[in-house]
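A.B. asks: Position 89, counted from 1, in the sequence shown is what UniProt numbering calls 89; the numbers after and before it change by one each time, with no gaps. The beta carbon of each residue, even a glycine, is placed where N, CA and C say it ideally should be. Pasting a structure here, questions to come.
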Amino acid sequence: MVLSFSPLAFPPTIDSAHFGDFGREVSGVQPSYLSPEEFAKIEKALYKHDLLLFRNVILTPQQQYELVKAFDPESEQYGHGNREFEKNKASILSYLKGLPDVPQVQIIGHGTVRDHEGISEVTLKHGRHPEFHKTRVSEEDEAKGFTRFLRWHMDAALYDLKPPKVTALYGIKVPEGPMHTVLYDDGTGDELEVTLGTTAFVSGKVMFDIMPRELKSLALRSRAKYAPHPFLWMRNAKAKPTGLGLETEGLETPLEELPAWEEGKVKTYPFIWKNPVTGGLHLQVHPCAIIEVDIDPLPPNAERQGARFPEGGRLTDLQEIRDLVYEMQRPGIAPNVWVFYVLVPSVLTESAIS
Ligand SMILES: [Fe+2]
Numbered sequence: 001m002v003l004s005f006s007p008l009a010f011p012p013t014i015d016s017a018h019f020g021d022f023g024r025e026v027s028g029v030q031p032s033y034l035s036p037e038e039f040a041k042i043e044k045a046l047y048k049h050d051l052l053l054f055r056n057v058i059l060t061p062q063q064q065y066e067l068v069k070a071f072d073p074e075s076e077q078y079g080h081g082n083r084e085f086e087k088n089k090a091s092i093l094s095y096l097k098g099l100p101d102v103p104q105v106q107i108i109g110h111g112t113v114r115d116h117e118g119i120s121e122v123t124l125k126h127g128r129h130p131e132f133h134k135t136r137v138s139e140e141d142e143a144k145g146f147t148r149f150l151r152w153h154m155d156a157a158l159y160d161l162k163p164p165k166v167t168a169l170y171g172i173k174v175p176e177g178p179m180h181t182v183l184y185d186d187g188t189g190d191e192l193e194v195t196l197g198t199t200a201f202v203s204g205k206v207m208f209d210i211m212p213r214e215l216k217s218l219a220l221r222s223r224a225k226y227a228p229h230p231f232l233w234m235r236n237a238k239a240k241p242t243g244l245g246l247e248t249e250g251l252e253t254p255l256e257e258l259p260a261w262e263e264g265k266v267k268t269y270p271f272i273w274k275n276p277v278t279g280g281l282h283l284q285v286h287p288c289a290i291i292e293v294d295i296d297p298l299p300p301n302a303e304r305q306g307a308r309f310p311e312g313g314r315l316t317d318l319q320e321i322r323d324l325v326y327e328m329q330r331p332g333i334a335p336n337v338w339v340f341y342v343l344v345p346s347v348l349t350e351s352a353i354s
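Right, dumping it as structure tokens:
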């Protein structure tokens, strides 16, 4: 077979004007072994289409790790690093478990798994919105099939370790059952039909493209500083009903009460990254973990009419920061236009290197 890339089947409600290039199904190769020529085409396709789907393939954990590492061969670190979150049950990521022989690949899902890749038995428990959101869907409505997004995020530790270039989900067992309905519960009435165990993806490029001009200018001038040990820092805070960031109630752990941390390991990244293949601009901000925003001023000769923070600034008020990031990101998760969802298995592994 010949290596080929075909468009994915989108929900009928999606705006194809923005998603023509988003996502491709790859056929004609085994991702467990790619020739250098095949890998070069796949690497380019991933940057062009943001998400690639391989159906009916078998990957060992080692092969999954090697596939992801090929996108960033110099890297020796990965995702959340040395299984730090597993040691600390207080972390909101404590449900992630690295495989014994390939700790770069983590097993996630829900339920008891036996004899899997060196694990004799483990009971997996996936996060659920009632434990993370400030409010919840009633138990009565949950029983009728209503649910929420848990937490919008990028796969990155955001302290000490660099974010990965690429991440991979390998589905092993997919739950079967009737569709569920995601409620946004933010006063908009937005809803989204999803399959069981869905992981939703949004395009950071579309998120940027649909911003009004003044927000684009602000995003291009902004950098996000993330909290030290962000997943411990936020462990007592509660999320908004859309799962897109946190409510501001003063529940974050004071920095002096966190495990030892160094300013030099705190991460600050631009809001926008430039795609090296397409030249496109993509928004990339973790709405839960951000603790400060630094904004550059507009150039002296730039148009100032309607500009936000034309003289630049530094935001340290969490409410102000979260309101700004929410304003930038919420349009990008709207159901009828932008969200694309893919299958999601009840047991799956996820690997990421940084
Ligand atoms: Fe993730």
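Can you tell me the Cβ-Cβ gap for I295 and G312, rounded? I've got them flagged as a contact below 8 angstroms.
C.D. replies: The residue you call residue 295 lines up with position 295 of the sequence shown. The residue you call residue 312 lines up with position 312 of the sequence shown. That belief holds up - the Cβ atoms of I295 and G312 are roughly 5 angstroms apart, short of 8 angstroms.
A.B. asks: For L348, which three-state DSSP category applies?
C.D. replies: Your numbering for residue 348 matches position 348 in the sequence shown. Unreliable placement is indicated for L348, whose pLDDT of 39 sits below 50; the coordinate value is still reported in the next sentence. Three-state result, L348: strand.
A.B. asks: When DSSP labels each residue in this structure, what does K265 get in the three-state scheme?
C.D. replies: Walking along the sequence shown from the start, residue 265 turns up at place 265. Reduced to three states, the DSSP call for K265 is helix.
A.B. asks: Any idea if E176 is buried or exposed, counting beta-carbon neighbours within 10 angstroms, 16 or more meaning buried?
C.D. replies: If you number the sequence shown from 1, residue 176 lands on position 176. So E176 counts as exposed.
A.B. asks: In whole angstroms, what separates the C-alpha of A157 from that of P163?
C.D. replies: The count along the sequence shown starts at 1 and reaches residue 157 at position 157. The count along the sequence shown starts at 1 and reaches residue 163 at position 163. Each residue's Cα considered, the two are about 7 angstroms apart.
A.B. asks: With L124 and G109 assumed to form a contact (beta carbons below 8 angstroms), what rounded beta-carbon distance in angstroms separates them?
C.D. replies: Your numbering for residue 124 matches position 124 in the sequence shown. Your numbering for residue 109 matches position 109 in the sequence shown. Yes, they are in contact, since the Cβ atoms of L124 and G109 sit about 5 angstroms apart, within 8 angstroms.
A.B. asks: Determine the burial state of S91: buried for a count of at least 16 other Cβ atoms within 10 Å of its Cβ, exposed for fewer.
C.D. replies: Position 91 of the sequence shown, counted from the first residue, corresponds to residue 91. Result: buried.
A.B. asks: What's the call for L67, buried or exposed, on a 16-neighbour Cβ count within 10 Å?
C.D. replies: As a working mapping, residue 67 is identified with position 67 in the sequence shown. Buried, by the Cβ-count rule.
A.B. asks: Quick one: grab the DSSP three-state call for E86.
C.D. replies: By 1-based counting over the sequence shown, the position of residue 86 is 86. For E86, the predicted structure reports a pLDDT of 46, less than 50, and the residue's modelled location is therefore unreliable. A value from the coordinates is still provided. Of the three classes helix, strand and coil, the one that applies to E86 here is helix, per DSSP.
A.B. asks: Got a sec, what are the start and stop residues for the alpha helix (DSSP H) Y47 sits in?
C.D. replies: As a first step, residue 47 must be located in the sequence shown, where it is residue number 47. That run of the alpha helix (DSSP H) goes P36 to H49.
A.B. asks: Check this for me: beta carbons of Q63 and S32, under 7 angstroms apart or not?
C.D. replies: The residue labelled residue 63 in the question sits at position 63 within the sequence shown. The residue labelled residue 32 in the question sits at position 32 within the sequence shown. For Q63 and S32, yes; Cβs fall inside 7 angstroms.
A.B. asks: Can you grab the Cα-Cα spacing for the pair M211 / M328, in whole Å?
C.D. replies: Counting from one through the sequence shown, the residue named residue 211 turns up at place 211. Counting from one through the sequence shown, the residue named residue 328 turns up at place 328. Whole-angstrom Cα-Cα distance: 7 angstroms.
A.B. asks: Over the uninterrupted beta strand (DSSP E) stretch that includes R114, give me the two end residues.
C.D. replies: As a working note, residue 114 is residue 114 in the sequence shown. Segment G111 to H116, the beta strand (DSSP E) holding R114.
A.B. asks: CB of D155 to nearest heavy atom of ligand 1: below 6 angstroms?
C.D. replies: In the sequence shown, residue 155 corresponds to position 155, counting from 1. Because some heavy atom of ligand 1 lies under 6 angstroms away, the Cβ of D155 counts as near it: yes.
A.B. asks: Please tell me whether F54 and R24 are closer than 7 angstroms, where the distance is taken between their beta carbons.
C.D. replies: Position 54 of the sequence shown, counted from the first residue, corresponds to residue 54. Position 24 of the sequence shown, counted from the first residue, corresponds to residue 24. No.
A.B. asks: According to the neighbour-count rule (16 or more other Cβ atoms, all chains shown, within 10 Å of its Cβ), is T242 buried or exposed?
C.D. replies: Here residue 242 refers to the residue found at position 242 of the sequence shown. So T242 counts as buried.
A.B. asks: When the distance is taken between beta carbons, is V182 closer than 7 angstroms to T147?
C.D. replies: As a working note, residue 147 is residue 147 in the sequence shown. As a working note, residue 182 is residue 182 in the sequence shown. Contact flag set, yes.
A.B. asks: For T268, tell me which candidate among R314, T248 and E257 has the shortest Cα-Cα distance.
C.D. replies: Stepping through the sequence shown from its first residue, residue 268 is reached at position 268. With distances taken between Cα atoms, T268 lies closest to R314.
A.B. asks: For a minimum of 3 consecutive residues, which ranges assigned as the beta strand (DSSP E) are wholly contained in the segment 181-263?
C.D. replies: 191-194, 199-201 and 222-226
A.B. asks: Tell me the DSSP bridge mates of S27?
C.D. replies: As a first step, residue 27 is located in the sequence shown; it is residue number 27 there, counting from the start. DSSP lists S4 as partners of S27.
A.B. asks: From I321 to E37, what does the alpha carbon distance come to, in whole angstroms?
C.D. replies: Indexing the sequence shown from 1 puts residue 321 at position 321. Indexing the sequence shown from 1 puts residue 37 at position 37. Those two C-alpha atoms are separated by around 44 angstroms.
A.B. asks: Buried or exposed: D186, going by 16 or more other Cβ atoms within 10 Å of its Cβ?
C.D. replies: On the sequence shown, residue 186 is found 186 positions in, with the first residue counted as 1. Burial call: exposed.
A.B. asks: Between the C-alpha atoms of I107 and E303, what's the straight-line distance to the nearest angstrom?
C.D. replies: On the sequence shown, residue 107 is found 107 positions in, with the first residue counted as 1. On the sequence shown, residue 303 is found 303 positions in, with the first residue counted as 1. About 50 angstroms.
A.B. asks: Quick check: the Cα distance between Q104 and K97, rounded to an integer number of angstroms?
C.D. replies: For the purposes of this step, residue 104 is taken as the residue at position 104 of the sequence shown. For the purposes of this step, residue 97 is taken as the residue at position 97 of the sequence shown. Approximately 10 angstroms between the Cα atoms of the pair.
A.B. asks: What's the gap between the Cα of D209 and the Cα of Y326?
C.D. replies: Working through the sequence shown from its first residue, we reach residue 209 at position 209. Working through the sequence shown from its first residue, we reach residue 326 at position 326. Going by the C-alpha atoms only, they are around 16 angstroms apart.
A.B. asks: Could you give the C-beta distance for K48 and V277, rounded to a whole number, given that I count them as a contact under 8 angstroms?
C.D. replies: Translated into positions along the sequence shown, residue 48 becomes position 48. Translated into positions along the sequence shown, residue 277 becomes position 277. Confirmed, about 6 angstroms.
A.B. asks: Since P103 sits in a beta bridge, which residues does DSSP pair it with?
C.D. replies: Residue mapping note: residue 103 aligns to position 103 of the sequence shown, counting from 1. DSSP lists no partner for P103.
A.B. asks: What residue from M179, G204 and G197 has the CA that sits closest to I172's CA?
C.D. replies: Counting from 1 along the sequence shown, the entry for residue 172 is found at position 172. Answer by Cα proximity: G197.
A.B. asks: Kindly confirm or deny that the segment 252-270 and the segment 215-227 touch, where touching means at least three C-beta pairs closer than 8 angstroms.
C.D. replies: yes
A.B. asks: When you compare each of E257, L218 and R221 to N236 by their alpha carbons, which one comes out closest?
C.D. replies: Taking the sequence shown and counting its residues from 1, the one referred to as residue 236 is at position 236. The option with the nearest alpha carbon to N236 is E257.
A.B. asks: May I ask which residues mark the beginning and end of the alpha helix (DSSP H) holding H129?
C.D. replies: For the purposes of this step, residue 129 is identified with residue 129 of the sequence shown, where counting begins at 1. DSSP places H129 in the uninterrupted alpha helix (DSSP H) bounded by H129 to F132.
A.B. asks: So, using beta-carbon positions, are A200 and H133 closer together than 7 angstroms?
C.D. replies: Your numbering for residue 200 matches position 200 in the sequence shown. Your numbering for residue 133 matches position 133 in the sequence shown. Not in contact: A200 and H133 (Cβ atoms no closer than 7 angstroms).
A.B. asks: In the DSSP assignment, what are the bridge partners of G98?
C.D. replies: Position 98 of the sequence shown, counting from 1, holds the residue named residue 98. According to DSSP, G98 bridges with Q106.
A.B. asks: Taking the C-alpha atoms as reference points, what is the distance between V113 and E121?
C.D. replies: Position 113 of the sequence shown, counted from the start, is the residue given in the question as residue 113. Position 121 of the sequence shown, counted from the start, is the residue given in the question as residue 121. Rounded to whole angstroms, V113 to E121 spans 6 angstroms at the Cα level.
A.B. asks: Mind reading off the beta-carbon distance from P335 to L192? Whole number of angstroms is fine, and I expect it under 8 angstroms.
C.D. replies: On the sequence shown, residue 335 is found 335 positions in, with the first residue counted as 1. On the sequence shown, residue 192 is found 192 positions in, with the first residue counted as 1. Correct: roughly 4 angstroms between the Cβ atoms.
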